[in-house]
Amino acid sequence: MNRVVVLGGGGVAGIAWATGIAAGLLRAGVDIGEADAFVGTSAGSVVGAQIASGVPIEALVAQQLAPRGDSREQARPYSQAEADASNRRLMDKVGGDLDVARRRIGAFALRSETVPLYVRREIVAARLPRTTWPERTLRVVAVDTETGAHVVFDAESGVDFVDAIAASCAVPGAWPAVPIGSRVYMDGGIRSLTNADLAPAARHVLVIAPLGYADGNPVSGHLRAEVGMLCARGASVSLVVPDAASLDAMTDNVLDPSRCVPSARAGLAQAARMATEIAAAWHG
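Numbering (the numbering used here), first residue to last: 1 to 284.
What follows is the structure, given as structure tokens:
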């Protein structure tokens, strides 16, 4: 492959910010819709699904900048800083064993009281332009709540498209885990907020990471190592993480829809500042 785009997790604010990044890059001559494949985790699975389905990026950012009054989105109480701290405490308790940590998070996801699954599925479906997998290559990451192992869903998996995206976005404690077949899945960010190492081999990989490096999250913050893996395979890597203005726009509660408009604006502005460097690598 020539170019792959990896889109990481970050809640509804992260969806808006990543969409702003995509639109800002497009206006500077970098159309990420031309990628050969997309890898999406949580929020990134939504953006990847939208772009892989052929929705114009300008239309997507317009929706973020002027959200509909009848939006199904719901705010959830959440703190990314507290989630990171909780994962640090968990890793201390399990002696640094990631597999055990993920299984414990899975158990927490299963016992948490959230909105009914059908309500959440309606929210996710409303974000998507279609109910079937796009023809473009799209990989969506989720994690098994019982085993802690990750799974990559795609058009060949035989899995319902909306269910796959809902599973990838199932933040433990905030949204319900999603049954698919005989298994139950949670947010792919429990493996990694980006899962960039799951990108197919390519000349160039563009990673858009709404939650940045997440170095303070030992369960999910593996971006630095993943970039190293991509480079070791011979890929050139462009990385977009939020600058200070973007972090201020998204705030600590990335599950708050009221942050979408400022986050999209911040993404647009940041992309304009980074576009020249990214364009050089993108066009090769």
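For every residue, glycine included, the Cβ atom is placed at its ideal position computed from N, Cα and C.
L230 by DSSP, collapsed to three states: which one? Walking along the sequence shown from the start, residue 230 turns up at place 230. Of the three classes helix, strand and coil, the one that applies to L230 here is helix, per DSSP.
Express the C-alpha separation of R139 and V151 in angstroms, rounding to a whole number. For the purposes of this step, residue 151 is taken as the residue at position 151 of the sequence shown. For the purposes of this step, residue 139 is taken as the residue at position 139 of the sequence shown. About 10 angstroms.
Which first and last residues belong to the beta strand (DSSP E) in which D99 is found? Within the sequence shown, residue 99 is the residue found at index 99, counting from 1. No beta strand (DSSP E) contains D99, which is instead part of the alpha helix (DSSP H) from 98-111.
Per DSSP, cross-strand counterpart(s) of H283: Reading the sequence shown from its first residue, position 283 is the one you call residue 283. Answer by DSSP bridge pairing: none, since H283 is not bridged.
Just tell me which of R3, G8, A28 has its CA closest to the CA of L268. In the sequence shown, counting from the first residue as 1, residue 268 sits at position 268. The shortest Cα separation from L268 among R3, G8, A28 belongs to A28.
Identified DSSP bridge partners for L211: Start at 1 with the first residue of the sequence shown, and residue 211 comes out as number 211. Note: L211 sits in no beta bridge, so no partner.
Check the DSSP bridge columns for R3 and list the partner residues they point to. Along the sequence shown, one-based indexing puts residue 3 at 3. H204.
What residue from G14, V4, M1, I105 has the CA that sits closest to P242's CA? The residue given as residue 242 occupies position 242 in the sequence shown. Nearest option by C-alpha distance: G14.
Please report how far the alpha carbon of C260 lies from the alpha carbon of A155, in whole angstroms. Walking along the sequence shown from the start, residue 260 turns up at place 260. Walking along the sequence shown from the start, residue 155 turns up at place 155. C260 and A155: Cα-Cα distance of roughly 29 angstroms.
Can you give me the C-alpha to C-alpha distance between A245 and R265, rounded to a whole angstrom? As a first step, residue 245 is located in the sequence shown; it is residue number 245 there, counting from the start. As a first step, residue 265 is located in the sequence shown; it is residue number 265 there, counting from the start. Computed Cα separation, rounded: 10 angstroms.
Going along the chain, which residues of its own chain have a beta-carbon closer than 7 angstroms to the beta-carbon of R121, five neighbours each way excluded? Residue mapping note: residue 121 aligns to position 121 of the sequence shown, counting from 1. Excluding residues within five positions, the ones whose Cβ falls inside 7 angstroms are V162, A166.
When the Cα atoms are used, what is the spatial distance from V141 to G158? Locating residue 141 in the sequence shown gives position 141, where the first residue counts as 1. Locating residue 158 in the sequence shown gives position 158, where the first residue counts as 1. So the two alpha carbons sit approximately 15 angstroms from each other.
Sequence-distant residues of its chain with Cβ nearer than 8 angstroms to D215 (five each side left out): Your numbering for residue 215 matches position 215 in the sequence shown. G221, R224, listed in sequence order.
By alpha-carbon positions, which one of D160, E146, A235 ends up nearest to D197? Residue numbering aside, residue 197 sits at position 197 when the sequence shown is read from its first letter. When only C-alpha atoms are compared, the closest one is A235.
Examine chain C for any beta-carbon lying closer than 9 angstroms to the beta-carbon of A196, and answer yes or no. The structure shown contains no chain C; it is built from a single protein chain.
Okay, do the stretch 35-44 and the stretch 198-210 touch, 3+ Cβ pairs below 8 angstroms being the bar? yes
Spatial neighbours of R88 in its chain, beta-carbon cut-off 8 angstroms, leaving aside the 5 residues before and after: As a working note, residue 88 is residue 88 in the sequence shown. Around R88: G216, N217, P218.
Which of the three DSSP states is assigned to P257 in this structure? Here residue 257 is taken as the residue at index 257 of the sequence shown, counted from 1. Reduced to three states, the DSSP call for P257 is helix.
Since A209 and L239 are thought to touch, with beta carbons under 8 angstroms apart, how far apart are those beta carbons, to the nearest angstrom? For the purposes of this step, residue 209 is taken as the residue at position 209 of the sequence shown. For the purposes of this step, residue 239 is taken as the residue at position 239 of the sequence shown. Yes, they are in contact, since the Cβ atoms of A209 and L239 sit about 7 angstroms apart, within 8 angstroms.
According to DSSP, simplified to helix, strand and coil, what is S236? Start at 1 with the first residue of the sequence shown, and residue 236 comes out as number 236. In this structure, S236 counts as strand in the three-state DSSP scheme.
Measuring CB to CB, does M186 end up less than 9 angstroms from G69? In the sequence shown, residue 186 corresponds to position 186, counting from 1. In the sequence shown, residue 69 corresponds to position 69, counting from 1. Taking 9 angstroms as the Cβ cut-off, M186 and G69 do not qualify as a contacting pair.
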